[in-house]
Every structure is written in structure tokens, then in C-alpha cells.
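Residue numbers (the working numbering): 42 to 853. No residue lacks a Cβ here, since even glycine has one placed at the ideal position from N, Cα and C. Below is one structure, written out as C-alpha cells; comments come after it.
Below, the structure written as C-alpha cells:
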């Protein structure tokens, strides 16, 4: 009976405990407010990152049995650089690699799609007919591709649900749409849940055309390959299997495959890329912020219980049991904990939404798994648990220590013991140490970001350069001369627009990473597998003048360089340096694999331009004129003092007047493209968050330092009064308080530096132009923390030196 009466007694006393807790919080709301804000800000920020990380790390591969899906890349000889593969290589992998139940390929592309009278640029891909079955994605309506769709030349297409919504209420199933000028019948519609990160926001898919030329060309590497591992086969075993297959193929096809290998990645790794490192860095920063938050809660709870010792002793003397006091203390921690959890949910949802919205469109389309990132039931449950457990846990330990001691009622004489002071100082030092780690990470990311955006890209004033894509497709532009005439007319008209100073064009503007070719000097033939690589760019108009690219030697293209004249090339300084290792550059004849193994004379050298991602050194680059090597997907480049929106309107009018079926899209400045690139985002995103986390942690730590200094001043006012009464100078009291604060701050800073030296090693992959241990960043952080610590303790220092000895002793 006694055991049964205990729970009922506890339940009966809970309403009274809650009433007492509410009255105490309302009478002294400062501590409760501190707990609510600490939990809300700290846990809300953490929840947002956890929700985003969960979406990226858990939901990135929305296919059945994602652990069995892998992405295959062909490796270039003597490097770990991956590339797509050729159709014959894909067929050979299918036939010889026994580790896979299926291997399928896709070739991303932009299609000009006509539906009715409108023609728009649509992201899409050529795919092998079994791709959707490999991914186990059934059609929402219609049917999937079959093998005959590729072999019989049937012009069919599968579209996304988003494409259906853009069809203005029409059901596209069975409808004929024009894809690059050719009619295709829509036979299937993908489910609305389908997303494939490597295809970004692709909306239309057609069977991969495997004509005789494609089947025979081992060097036409344009196909990305997805495989599904057989049951029981590990990724390492599949890698070894593919390695032996590639070795055999290299012996059979030495000209195309000698020295080349293959790399297998899980589909998750292929989707996320360096985002995994970014997320790991952010999760580490969040964990540090949570520890700082927890330390602050512990300090608040400890300070509360130490200050309540007289009250607790009085209640104990009046007959309150230890269990009764503990229950009351724990109940008092629940209301601010629950309020803090509610605030954390609101803040977390807001931050998660803001995080996704700040991702540039060009980056976000490659992250479809972040589209619905937010706080779900799992994250909310964890938040609620942490919000309750942390305050209760941090409150229970000092409560047990406080109620265990047999304290007599001493009134105002009671002061904190040396052990209590050291414990609080240790907590603040720990907070400062973790804050230093966050601030060091923030400093490194800031310098890295500054180095990246401030690097020399090889041309001036990118904010004045407007680009617009205008691709050509269809029978009208099948002949190269038709492509040349169209672009020449557009450039001529665009150059005469008001505010346009120069006009040119290029197949891929700086910042794009596609278009590699191998090359060899004609007088020094080299096996294909050993040939150096370079970016190949097709330009037209006054491209070099428009971009203001330096001419180092020789000349650039002019109107006399045409199809009926000798073929000429302009190369970058890095390309010229490769040629100069065994002879002159100007006048040299080079053979380019990407231009049909044709030979070109080098007539000019220009400065290196950041043609690939900003965080990659400018590669050797060779430029050809579109008048000698036509290209049907050119980007217009204009240097102008007019805004991009106005230029875009005028360019669309020009193109519509020439051919209304040619779309003009992606009108923007190069500066905007570079600022929204993945290289910039991968540094800017974690930099902003780490700076916010570091600032929040520093604020919490300084508030904690201020609190313990003020608490010590109030607790030791009798001691300070006696010192002054015995002849001590107020300045000596101030020095004593400041010394204690600086010792705590110094210990925390030194500990933080040591931890940061170990923790920041993992950040090297996302840093640019700076080492993980840069003494300037560490020195600036430590100096800033110590300065901020001095500022935070000014008020307690002044108050301690102003103690009136008579008032202090009289209060005693």
C-alpha cells in the first residue's frame, strides 16, 4: 500500500509545484527568459541545419534500395579525374561486368521544345531505354521506353509532371511535340515525386540515339552511367570487376583507352559531391553551438541554485524533505524549457526556409532533395527531447549537490565557495574555447571566400558583360553555313544597340566546365592516352575585345578567318607554355581531338581566363572561330552600360525578327553567374552560417562571463568592503576582478586554439587559398575574444571598485 501511495502523492503535489514555479518565474523572469532565449536560438539554429542535412543526406536518393545504386565514371590516364564514357564502352561494361544486374546511361542536354506555336529551351536528356526501370520509377501515366524505341528510330518522349503543368491544361500524353525541330510523340509521364539530382530539373527524355557512328566511336565520351549492384556484391568488388574489364578493353582499344580506368561511386556520393564536406562542417559547427548552449544552461542553473541556498536551507529546516525540494526545482525548469522548445520550432522552420531560399537557382536545381527541407516529426521530437532533457539534466546535478549539503540559514553572510566559483569559471572557459573554435572556422571561411571572389579571372568588369543564350536546332540550321549566317547577323545587330560597346559570342561562357579536348603538336605526334588536355572554346564577333582579354602575342581572329582560308587558333598563355616546352608557339601546328583530329595553326596568344569553376586554376585553353568550326549553341556576349533586363528585351526582338522559333533565355551578367556558381556557394553558405553561429556563441559566452563576474562581485561585496576598510585601494579590487576574468578568458582562448588546430583540418577541402592553420586568423580571433572579454567585464569591475565598506558591513 505504501508503494502505491507514492505516485498518487507525487501527482497530488504537482499542481502546487507548478503554481509555485509560475509565481517564482513571474517574480524573477530574468533567469527564465535567459533559458527560453538560449534554448530557442541555439536549438532553433541547430534544428534548421539538422533538417537541411537530413534532406540532403537521407533523402537525396529517392529510389528503392538506394544503397545498390552506383554511378560510374571513366578515369583519365594517370589522374583521378572522372569523365563520362562512350557508348561502345557502356556496351562492353554491360557484357563483361558481372557485378551489376543492370547498367544504363544518360546524356544531359538542353532541348528546344515546341508545343503548339511556342518554342522554349527545356532541360532534358537522352537516356538508354532501361534507365527508369533500373531506378525502379514507374510511369504515372502512359508507358516506359522499350528497346525497340532506340533500335527502330521511333521518335518518342517521356515528360515530367512539371512539363504537364506547363502545357496550359492540355494533356500531352499522345501529343506530338517538336524536340530540336523533330516531332516526338509523348508516350509517358513521370510521377510528380521523380527527381534526379544529376539531371537537375530535366523535364523531357528521349531515347539515346545509338547510330552506327556512335556505336563505333570509343572517344565520344558523353554518356553518364548508372548501375544497380547485384545482391551480395559490394562496391569494392564491383570496382575490382570493372577495373579488370577496363584493363582488357585498354589492350583491345589502345588508341582510345590505354591507361584509362573506371571509378564507381554510390549514387548518394555522386549526387552530393563536396556538399557532404560542407554538411559535415556545418554539423560540426552546430554541435559546438549546442555544447555552448548547454554550457550556458548549466551556468544559469548553477548560479540559480547557488543563490537559493539560504532559501533551500530554510525550507529544509522547516521540514521539507530532499525529494520534495528536488521535485520543486525540477518542475520549475519545465515551463521555460517548453517555451524554449516552442520558440526553437518557430526559429528552426524560419531558418530552414531561409537557408533553402538563399541557395542560387543555378545551384538549387541540382539539389531537388532540398525543395521541401523543413522540420518534420523526427526533428521536432528530437528538439523537444533535448529542450526538456538539457535543462532538467543541468538543473538536477546542482540541485542534488545543493540539497545534499546541510546548509544552515546564514542570511546575507552566505557566499559562494571556492569550488563553486571554479566550477562556474570552468564552464565559462569551456564556452569561450568552443567559441574560439567557431570563430576560427568563420575566419578561415571568410578569408577563403575573399580569396575566391577576389581572384583574377582574366577579364575586367564582369558586371558590365551581359550574356544570353540563343541555341539553334532543326532542319533549317542543319547546314553549318546557316548557323554562321544567323549568329553573324545577330551579333551585327546587337553591336549597334544603344549602350552596347562591343559584341561577341562563345559556346560556353567563363565559369562553365565543359568542352575538354586532347591535343598534340603536329610535328611531335603523341599517343591519345598521353596527350595533354585543354579546354576548347568556339568564339565569334569581337569576343576578346568584348571580354577585354589581354593579347599576349600575335593576333586574334578577324573577318578574314573563314572556312575557305587556313584554319587558325588562338591559345591561352597556359596552353602556349605547354607548347613552348619543345619549341615555339606562334606558327605551330596543333592537332585537336575535339575538332575531328583536324590541324590548326596557332596565330595568337591571349591571357589565361577562368573558363572553368572559380576554385580551379585556369586550364590551357584553345579558341577556334565559329566561322571555321561552326557551333549551333552559342551564347551572345555584350559589354554594355545598359542593364541586363533591357538588353534581353532588345535581343529577343532582334532574334524574333530573324527567326521566331529560336529562343533567347538565361539573360544575365557574368558577374551574377559567377556569384551564383557552385564554387562560390560552397564557400559562402557555410561561411555565413559559421559567422552567425560564432557570433551567437560569442554573445552567449560574454553574457556568461559578465554574469559570473557580477555574481562574484555581489557575493564578495563583504570581502571587498573589508579590504577597502583596511586600506585597500579601489583600483586593487578592480584589478583583482579583471585579472580573474582575463585568466578565465585566456585559458578558454588557449584551449580553443588547441582544439581548433585539430578540428579545422577537416575544413581544408572547402578552403581556397588559405591553410587550415593560418596564424593571422588565429591571432585575430584570440585578440578579439580577449578584447571582448575586457569590454564585457567593465561594468562588474567598476561596480566592484565602488563598494562602500560601511554599507557592505552594515548589510552583513
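Going by the DSSP bridge assignment, what does residue i pair with across the sheet?
i, result
"residue 575", "558"
"residue 679", "507, 544"
"residue 224", "219"
"residue 148", "167"
"residue 84", "Note: residue 84 sits in no beta bridge, so no partner."
"residue 704", "Per DSSP, none; premise fails for residue 704."
"residue 674", "512"
"residue 632", "561, 640"
"residue 770", "DSSP output for residue 770 lists no bridge partner at all."
Specify the secondary structure class of residue i as computed by DSSP and reduced to three states.
i, result
"residue 492", "helix"
"residue 551", "strand"
"residue 263", "coil"
"residue 167", "strand"
"residue 212", "coil"
"residue 563", "coil"
"residue 107", "helix"
"residue 810", "coil"
"residue 640", "strand"
"residue 160", "strand"
"residue 803", "helix"
"residue 834", "coil"
"residue 122", "coil"
"residue 305", "strand"
"residue 668", "coil"
Please identify the residue among the options whose C-alpha is closest to the C-alpha of residue i.
i, options, result
"residue 654", "144, 734, 242, 497", "497"
"residue 281", "611, 137, 494", "137"
"residue 530", "422, 631, 697", "697"
"residue 607", "566, 564, 666", "666"
"residue 739", "829, 196, 75", "829"
"residue 743", "231, 337, 88", "337"
"residue 126", "340, 687, 260, 236", "260"
"residue 758", "745, 746, 741, 777", "777"
"residue 37", "494, 746, 558, 762", "Here the chain comprises residues numbered 42 to 853, so residue 37 is not present and cannot be evaluated."
"residue 307", "284, 110, 513, 342", "110"
"residue 75", "340, 187, 605, 718", "340"
"residue 185", "211, 381, 229, 208", "229"
"residue 246", "557, 167, 484", "167"
"residue 556", "575, 613, 375, 717", "575"
"residue 765", "815, 843, 211, 332", "843"
"residue 577", "596, 652, 510", "652"
"residue 329", "814, 809, 730, 399", "730"
"residue 710", "662, 612, 510", "510"
"residue 399", "102, 741, 236, 719", "719"
Does any C-beta atom of chain D lie closer than 7 Å to the C-beta of residue i?
i, result
"residue 789", "Absent from the structure: chain D. Only one protein chain is present."
Spatial neighbours of residue i within its chain, please: C-beta separation below 7 Å, excluding the five flanking residues on both sides.
i, result
"residue 481", "797, 801, 818, 819, 822"
"residue 693", "705"
"residue 164", "151, 241, 242, 243, 244"
"residue 59", "372"
"residue 311", "112, 239"
So, for residue i: in the same chain, excluding its five sequence neighbours on each side, which residues have a beta-carbon less than 8 Å away from its beta-carbon?
i, result
"residue 501", "589"
"residue 301", "115, 116, 117, 118, 287, 291, 570"
Could you pull out every residue in the same chain whose Cβ sits closer than 6 Å to the Cβ of residue i, ignoring the five residues on either side in sequence?
i, result
"residue 671", "521, 524, 525"
"residue 573", "619"
"residue 462", "none"
"residue 377", "73, 76, 77"
"residue 304", "114, 116, 123"
"residue 534", "695"
CB of residue i to nearest heavy atom of the ligand FAD: below 6 Å?
i, result
"residue 677", "In terms of ligand content, the structure shown is empty, and the ligand FAD therefore cannot be addressed."
Handout entry: Inter-stretch contact (C-beta, 8 Å, three-pair minimum) for the segment 781-796 and the segment 815-826
Key = Short answer: they touch.
Exercise for the section: Would you check if the segment 258-267 and the segment 109-116 touch, i.e. whether three or more CB-CB distances between them fall below 8 Å? Expected result: Result yes; three or more Cβ-Cβ pairs closer than 8 Å.
Problem - Cβ pair count under 8 Å reaching 3, the segment 269-283 against the segment 74-85 - result: Under the 8 Å Cβ criterion, the segment 269-283 does not count as touching the segment 74-85, having fewer than three qualifying pairs.
Exercise for the section: Would you check if the segment 674-685 and the segment 532-552 touch, i.e. whether three or more CB-CB distances between them fall below 8 Å? Expected result: Output reads yes: the segment 674-685 touches the segment 532-552.
Exercise for the section: Could you tell me whether the segment 668-675 touches the segment 542-561, where touching means 3 or more Cβ pairs closer than 8 Å? Expected result: In the pairwise beta carbon analysis, the segment 668-675 is classified as touching the segment 542-561: at least three pairs are separated by under 8 Å.
Exercise for the section: Check whether the segment 284-299 touches the segment 213-230, counting contact only when three or more Cβ pairs, one atom from each stretch, lie closer than 8 Å. Expected result: The segment 284-299 is not in contact with the segment 213-230.
Problem - Three-pair Cβ contact test at 8 Å for the segment 628-646 versus the segment 466-477 - result: Touching, no, given that fewer than three Cβ pairs across the two stretches are closer than 8 Å.
Practice task
Would you check if there are 3 or more beta carbon pairs closer than 8 Å linking the segment 372-390 to the segment 419-429?
Solution key: Judged by pairs of C-beta atoms under 8 Å, the segment 372-390 touches the segment 419-429, as three or more such pairs exist.
Practice task
Decide if the segment 766-782 is in contact with the segment 829-837; the criterion is three or more beta carbon pairs, one per stretch, under 8 Å apart.
Solution key: Look at the beta carbons and you see the segment 766-782 touching the segment 829-837: at least three pairs across the two are nearer than 8 Å.
Problem - the segment 170-183 / the segment 139-153 touching (three or more Cβ pairs under 8 Å) - result: Touching, yes, given that three or more Cβ pairs across the two stretches are closer than 8 Å.
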